[in-house]
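In what follows, a single structure is set out as structure tokens and then discussed.
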Amino acid sequence: MTEFPSNIDLLTATVMQLQDHLWKGSFNSVQLVREYLRRIEENNHEGLALGAVIETAPYEKLIGVASDLDDLRKQGASSGSHALAGSIVPGDARAIKNLRAAGAIILGKANISELSGIRDEIKGEWSGRGGYCYSAYGENADPKGSSGGSAVSVSSGFAAAALGGDTTGSITWPAGRAACYAMRPTVGLVSTEGCIPLSSSMDVLGPLGKSAYDVALMLSHMARDSNDASFENYTRYTDKSHASFKGKRLGVPRADTIDNPDTWTKFRYHKSNLVSIQKAFDLALDKMRILGAHVEDPADLPCGIVDVSAVGGKIIAHEMRELHEAYTSTLKDWRLSSRTQDLEMPQGPIRPTRLIEAVEAEGRRSKAYRDVVTEASRIYENGMGALLNTVKLDALIVPSAHVRLVRHASVGGWVITMALNDDAAV
């Protein structure tokens, strides 16, 4: 078996670079898959014990798919829960089908905050099947977000790219802390068919990668439906011809983010990093100005960044039970068992308040649900929506995936995070 080339660093290699190496013959798909599996075995449960991956696909199947792709190239052309383990789904999620059709190899399932964090209020990112997931950038550090396993996998070189689920920040927050590029698309752009649901009004699937091109490439295929004419190649926006902010108006909401010391304390950024984070952010703003952007700085929300956690939580509670009942009705060989109860108990204190709220909620046909949806719309329209429309801004920009701002945007917008340097993301 030929060894994987030692001069190719999978910690930093992007999808575009890997594609280039494959076509040049630097290595083949089989070698690449074996190297990713080796890295996972070395540091997932052993070594650094990052806990980013729950399980990988069967080895023989992965190698078979990789071998088929090598032949084609020669021709030129559970949500982390034991309760759902062993159940048989009707088929791949739509987004997975699209990626496979485009030639992607799905290595395995990333760890996740169980049931997207709704099951319990648990310190850290934990699931019954995957255990605790830790950031690759600090010993026992919290990756921050239910798609933490996806972000850690990409940042650790376990995979070139990954998918994540997002309801109120679960893609962009862990991606920001892992120096990844990622996007929470608008609701409905990417089908969530086949995914374990949390909220019909806020759930999205999004890509995580090591470059803007990687994210754009994945999104292009993930968003494709059965109508080939619907395909839009978002990678064209990463060409040099689009490397301009000419005519774009960007706002910096400093009062509730950069200039608020509680922001950095709450999100556990070490004080020694604050100077480098703000310096890097200001340099990025200068670069955008050079590229033609008008930067409105400061551009603060009229009513401040209201924490929509309570409102969002109520929406999820009303939507979740009905959605989960519909999802589990499609599964085969699925049944709850008391035998897995002990496996579903993490170490440390837990508060299953969110799941209890979902069980007790009245549902989507109730007046309580209509009222809370109206409240969420009002918060967005009077806050972020008002700022964007009044000052005529195209986007808001802050250092790091500020959790309140991300949650605010999840009610009515989209969010992108990108690596800025080793100490910060914007």
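Count along the sequence shown starting at 1, add 1462, and that's the number in this note's numbering.
Even for Gly, the Cβ is constructed at its ideal location relative to N, Cα and C.
The region 1742-1756 and the region 1601-1611 do not touch, with fewer than three beta-carbon pairs separated by less than 8 Å. Within the region 1652-1714, the complete alpha helix (DSSP H) runs of at least 4 residues fall at 1674-1684. Beyond the five residues adjoining it in sequence on each side, isoleucine 1516 comes within less than 6 Å, by CB distance, of Lys1571, Asn1573, Arg1591 and Gly1592 in the same chain, given in chain order. The C-beta distance from tyrosine 1594 to glycine 1586 rounds to 6 Å, short enough to fall under 8 Å. In this structure, the straight-line span from the alpha carbon of tyrosine 1831 to that of glycine 1671 is close to 36 Å.
The C-beta of serine 1703 has fewer than 16 other C-beta atoms within 10 Å across all chains shown, which makes the residue exposed.
Between tyrosine 1643 and serine 1673, the C-beta gap is smaller than 7 Å, which places the two residues in contact. For the pair histidine 1786 and arginine 1826, the CB atoms are not nearer than the 7 Å cut-off. Spatial neighbours of serine 1771 in its own chain (CB-CB distance under 7 Å, excluding positions within 5 residues in sequence) are listed in chain order as Arg1869. Inter-segment contact for the region 1554-1562 and the region 1633-1647 is absent: fewer than three beta-carbon pairs are separated by less than 8 Å. The three-state secondary structure of isoleucine 1720, taken from DSSP, is coil. Sequence-distant partners of serine 1529 (beyond 5 residues in either direction) whose C-beta falls short of 8 Å from its own C-beta, in its chain, are Ser1491 and Val1492.
Look at alanine 1598 here: in three-state DSSP terms it is coil, with no helix or strand label. A direct Cα-to-Cα measurement between aspartate 1744 and glycine 1487 gives close to 41 Å. A residue is called buried when at least 16 other Cβ atoms come within 10 angstroms of its Cβ; tryptophan 1588 meets this threshold and is buried. Excluding its 5 nearest sequence neighbours in each direction, alanine 1564 has C-beta neighbours in its own chain below 7 Å: His1683, listed in chain order.
CA-to-CA, the gap between threonine 1654 and serine 1632 works out to about 15 Å. Each of Arg1783, Ala1717, Asp1762 and Leu1546 was checked against the Cα of lysine 1794, and the nearest Cα belongs to Leu1546.
Residue range 1515-1518 is occupied by the beta strand (DSSP E) that includes threonine 1518.
Shown here, aspartate 1471 sits in coil according to DSSP, grouped into three states, outside any helix or strand. Here the C-alpha atom of alanine 1603 lies approximately 12 Å from the C-alpha atom of glycine 1513. By the neighbour-count criterion, in which 16 or more other beta carbons inside 10 Å mark a residue as buried, glutamate 1576 falls on the buried side.
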